[in-house]
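Undergrad:
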Amino acid sequence: MEAAPAESERAAVAERLLTSSLRTSYDPVVEIDWDAPHTPGAYWLPPHRSSLYGTSLWARLSEEQRVELTKHEVASAASAGLWFETILMQMLIREYYDADPTSRQAQYALTEVADECRHSIMFGRLIEAMGCPVYRAKPVDQLLGRFLKATASGPRMYAAILIAEEILDAFQREIMADESLQPLIRMVSRIHVVEEARHVRFAREELAHQVAATGPLGMAYARLLVGRAAHTIANRLVHPDAYAAVGIPPAVGRAAAHANPHWRATLRWSAERVHAHLAGAGLVAGPGRLLWARAGLI
Numbered sequence: 002m003e004a005a006p007a008e009s010e011r012a013a014v015a016e017r018l019l020t021s022s023l024r025t026s027y028d029p030v031v032e033i034d035w036d037a038p039h040t041p042g043a044y045w046l047p048p049h050r051s052s053l054y055g056t057s058l059w060a061r062l063s064e065e066q067r068v069e070l071t072k073h074e075v076a077s078a079a080s081a082g083l084w085f086e087t088i089l090m091q092m093l094i095r096e097y098y099d100a101d102p103t104s105r106q107a108q109y110a111l112t113e114v115a116d117e118c119r120h121s122i123m124f125g126r127l128i129e130a131m132g133c134p135v136y137r138a139k140p141v142d143q144l145l146g147r148f149l150k151a152t153a154s155g156p157r158m159y160a161a162i163l164i165a166e167e168i169l170d171a172f173q174r175e176i177m178a179d180e181s182l183q184p185l186i187r188m189v190s191r192i193h194v195v196e197e198a199r200h201v202r203f204a205r206e207e208l209a210h211q212v213a214a215t216g217p218l219g220m221a222y223a224r225l226l227v228g229r230a231a232h233t234i235a236n237r238l239v240h241p242d243a244y245a246a247v248g249i250p251p252a253v254g255r256a257a258a259h260a261n262p263h264w265r266a267t268l269r270w271s272a273e274r275v276h277a278h279l280a281g282a283g284l285v286a287g288p289g290r291l292l293w294a295r296a297g298l299i
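Mind the numbering: the sequence shown is residues 2 to 299 in the working numbering, read in order.
1. Alpha carbon to alpha carbon, how far is Ala235 from Ala246? Give it in angstroms, no decimals.
2. Over what stretch of residues does the alpha helix (DSSP H) that includes Val135 continue unbroken?
3. Report yes or no: do the segment 104-123 and the segment 5-15 share at least 3 C-beta pairs separated by less than 8 Å?
4. Using DSSP with H/G/I as helix, E/B as strand and the rest coil, what is Leu291?
5. Does the beta-carbon distance from Gly37 to Leu144 come in below 8 Å?
6. Rounding to the nearest angstrom, what Cα-Cα distance links His193 and Arg202 in this structure?
7. Does the segment 126-142 come into contact with the segment 162-177, if we say contact requires no fewer than three beta-carbon pairs (one atom in each stretch) closer than 8 Å?
8. Taking Ser52 and Asn261 to be in contact with their CB atoms under 8 Å, please state how far apart those CB atoms are, rounded to whole angstroms.
9. Which one of Ala277, Ser181 and Leu298 has the shortest CA to CA distance from Pro47?
10. Arg205 and Leu163 look like a contact to me (Cβ under 8 Å); what is the Cβ gap, rounded to whole Å?
11. May I ask you to report which of helix, strand or coil DSSP gives Pro38?
12. Run the CB neighbour count on Tyr98, radius 10 Å, all protein chains shown included, and call it buried at 16 or more, exposed below.
13. Once DSSP output is grouped into helix, strand and coil, what is the label at Ile33?
14. Hey, which unbroken runs of the beta strand (DSSP E) at 3 residues or more fall wholly within the segment 142-206?
15. Since His276 is in the alpha helix (DSSP H), which residue starts that stretch and which ends it?
16. Lys139 by DSSP, collapsed to three states: which one?
17. Cα-Cα, which of Cys118, Asp116, Leu169 and Tyr222 is closest to Arg157?
18. Could you please give the first and the last residue of the uninterrupted alpha helix (DSSP H) stretch that includes Arg229?
19. May I ask you to report which of helix, strand or coil DSSP gives Asp101?
20. Quick one: is Ala7 buried, meaning 16 or more other Cβ sit within 10 Å of its Cβ, or exposed?
21. Could you tell me the alpha carbon to alpha carbon distance between Asp28 and Val212, rounded to whole angstroms?
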């Protein structure tokens, strides 16, 4: 388990992140050409990262349908990102309510909220530009989100933030480096990766501080809630209705993806970094760890 950062060290990290935010922040409404035509035949996601890649369903799809499927999978992930960023902003604002507004940590938290406001607009514009529907959370996940945003604090708050940010970040780092993909999704991914790197650094610093201040009972509860958050986020990446866009019944597509060893390997790959960090902080164990496994993340 990492040692808790000293207050001066936490403030220094927040100061550096504030300075970095001044240098490299983007307005996606201005930076991205939303009206540019899409590249014919270009995928929106590396094909090997599609949830159906390698299955018999994938083999039966035409090339055009495969491209269309990756577009809707991206729209589903963007919808999930929007959902969680709304939760994240409310958690940060709720914590700021009791914070010292002169502290650099509190000021960076507000800066992160501003980033996430722009990211939410960016993801909404992306879904619109792709001509896809918003793939909304199921009612049970909506209830979980309401509970999380209203109650999460301490390590369970920052651990949940890291899970959502780092899983999406793994996909986006690969996307932005792949010149064969649609330019629009590469640009969206590049902006998100640059700014989320700061958010991850801040969350890791704050998580170490919170873990050190949490007792055994609080840590046990955090492990369970963190495992539930990991399970929900993994299952929200590809909404079953995305398969209907290429003529596959949602339940059939969902079952095929769940049984697909390629997709399960992709899920583990996306969670490698955050799982290692949270396990090192003592937040992946017991019943909570079973939820990580059920989600295919470990």
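For each residue, glycine too, the CB sits at the ideal point set by N, CA and C.
TA: Answer, in terms of the structure:
1. Taking the sequence shown and counting its residues from 1, one reaches residue 246 at position 245. Taking the sequence shown and counting its residues from 1, one reaches residue 235 at position 234. The straight-line gap from Cα to Cα measures roughly 21 Å.
2. In the sequence shown, residue 135 corresponds to position 134, counting from 1. From DSSP, Val135 is part of no alpha helix (DSSP H); its letter is neither H nor E.
3. Enough Cβ pairs lie closer than 8 Å, so yes.
4. Walking along the sequence shown from the start, residue 291 turns up at place 290. Of the three classes helix, strand and coil, the one that applies to Leu291 here is helix, per DSSP.
5. Within the sequence shown, residue 37 is the residue found at index 36, counting from 1. Within the sequence shown, residue 144 is the residue found at index 143, counting from 1. First, the amino acid is wrong: residue 37 is Ala here, not Gly. No; because the gap between Cβ atoms is not below 8 Å, this pair is not in contact.
6. Taking the sequence shown and counting its residues from 1, one reaches residue 193 at position 192. Taking the sequence shown and counting its residues from 1, one reaches residue 202 at position 201. So the two alpha carbons sit approximately 14 Å from each other.
7. no
8. On the sequence shown, residue 52 is found 51 positions in, with the first residue counted as 1. On the sequence shown, residue 261 is found 260 positions in, with the first residue counted as 1. The Cβ separation is near 7 Å, so the contact holds.
9. Your numbering for residue 47 matches position 46 in the sequence shown. Pro47 has its Cα closest to that of Ser181, out of Ala277, Ser181 and Leu298.
10. Against the sequence shown, residue 205 aligns to sequence position 204. Against the sequence shown, residue 163 aligns to sequence position 162. Indeed they touch by this definition, with Cβ atoms about 7 Å apart.
11. Taking the sequence shown and counting its residues from 1, one reaches residue 38 at position 37. The three-state reading of DSSP puts Pro38 in coil, since its state is none of H, G, I, E or B.
12. Taking the first residue of the sequence shown as 1, we reach residue 98 at position 97. With fewer than 16 other Cβ atoms within 10 Å, it is exposed.
13. Numbered from its first residue, the sequence shown carries residue 33 at position 32. The three-state reading of DSSP puts Ile33 in coil, since its state is none of H, G, I, E or B.
14. none
15. Within the sequence shown, residue 276 is the residue found at index 275, counting from 1. Counting along the chain, the alpha helix (DSSP H) containing His276 begins and ends at Pro262 to Gly281.
16. What you label residue 139 is simply residue 138 of the sequence shown in a count that begins at 1. Three-state result, Lys139: coil.
17. Stepping through the sequence shown from its first residue, residue 157 is reached at position 156. Nearest of Cys118, Asp116, Leu169 and Tyr222 to Arg157, Cα basis: Tyr222.
18. As a first step, residue 229 is located in the sequence shown; it is residue number 228 there, counting from the start. Run containing Arg229: Pro217 to Arg237, per the alpha helix (DSSP H) assignment.
19. Position 100 of the sequence shown, counted from the start, is the residue given in the question as residue 101. Coil at Asp101, not helix or strand.
20. In the sequence shown, counting from the first residue as 1, residue 7 sits at position 6. Exposed is the call here.
21. Counting from 1 along the sequence shown, the entry for residue 28 is found at position 27. Counting from 1 along the sequence shown, the entry for residue 212 is found at position 211. When rounded, the distance between both Cα atoms is 34 Å.
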